[in-house]
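Below is one structure, written out as structure tokens; comments come after it.
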Amino acid sequence: MTQDQLADRYQGYIACLNGQDWANLGNFVHEDVRYNSTRIGLSGYREMLEGDFRAIPDLLFDIQLLICEPPRVASRLQFDCTPKGELFGFPVNGRKVQFAENVFYEFLDGKIQNVWSVIDKAAIEAQL
1 MTQDQLADRY QGYIACLNGQ DWANLGNFVH EDVRYNSTRI GLSGYREMLE GDFRAIPDLL
61 FDIQLLICEP PRVASRLQFD CTPKGELFGF PVNGRKVQFA ENVFYEFLDG KIQNVWSVID
121 KAAIEAQL
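Residue numbers for the sequence shown, in full-length UniProt numbering: 1 to 128.
Okay, here's the thing in structure tokens:
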């Protein structure tokens with residue numbers, strides 16, 4: 001994939017997440033996906049994302065920074081949301097919070113095979 005193709009592919013993946021189009025998640029995510037070095041597979045990845053949307057009904061992945069160097073993508077995602085209960089161990093309980101996630105992806109055959117994620121939990125804590 002070229003840089004532009006990879007960027008388009010990633011943006012399609014984010015649109016899939018924002019649309020909660022779980023039936024098409026496998027078009028973007030490899031069957032043997034790893035999350036922070038742990039193999040969770042496509043079904044585990046989908047379960048994780050579905051849980052995120054249950055906990056945060058207004059969840060929206062907003063790409064703030066995108067760098068593509070095939071086969072890898074680096075992205076800074078921004079969130080402005082209202083979690084129902086706890087979020088990463090913090091009692092948010094319906095308050096609006098803003099935070100970022102720095103995430104790296106590695107693609108294989110046009111699909112995400114590895115995801116490394118770091119969430120700015122300090123930003124959430126500072127708002128509470």
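Glycine residues also receive a C-beta, built at the ideal position from the N, C-alpha and C atoms.
Find the nearest neighbour of residue i within the set the options, judged by alpha-carbon distance.
i	options	result
residue 135	G51, F90, P91, N36	Residue numbering for the chain in the displayed model covers 1 to 128; residue 135 lies beyond these limits and cannot be assessed.
E101	L128, R9, W116	W116
M48	W22, A122, L6	W22
P57	N93, K121, N114, Y13	N93
L128	L60, A55, T82, L108	T82
D109	K121, I14, P70	P70
residue 139	R39, D120, I112	Because the chain here runs from 1 to 128, residue 139 falls outside it and cannot be looked at.
T2	R72, R39, R54	R72
Taking the continuous beta strand (DSSP E) assigned at residue i, which residues delimit it?
i	result
A122	Element bounds for A122: not the beta strand (DSSP E) but the alpha helix (DSSP H), 121-127.
S75	72-81
I40	Per DSSP, I40 belongs to no beta strand (DSSP E) and is neither H nor E.
Quick one: what's got a C-beta closer than 6 Å to residue i's C-beta in the same chain, skipping five residues either side?
i	result
Q78	D62, Q64, A100
N114	R34, E106
G26	L42
Give the DSSP bridge partners of residue i, in chain order.
i	result
L108	K111
W116	F104
L60	Paired residue(s): none; L60 is not in a bridge.
L87	F90
Does residue i pass the burial test, meaning 16 or more other C-beta atoms within 10 Å, or should it be called exposed?
i	result
L6	buried
S75	buried
I67	exposed
residue 129	Residue 129 is absent from the structure shown; the chain starts at 1 and stops at 128.
Contact criterion: CB-CB distance below 8 Å. Does residue i meet it with respect to chain B?
i	result
P70	Protein chain content of the structure displayed is limited to a single chain, and chain B is not contained in it.
From what residue to what residue does the alpha helix (DSSP H) around residue i run?
i	result
R9	3-18
Excluding the 5 residues preceding and the 5 following residue i in the sequence, name in chain order all residues of the same chain whose CB lies nearer than 7 Å to its CB.
i	result
I14	F61, I63
Please work out which residues of its chain come closer than 8 Å, Cβ to Cβ, to residue i, disregarding the five sequence neighbours upstream and downstream, and give them in chain order.
i	result
L87	A55, I56, V97, I124
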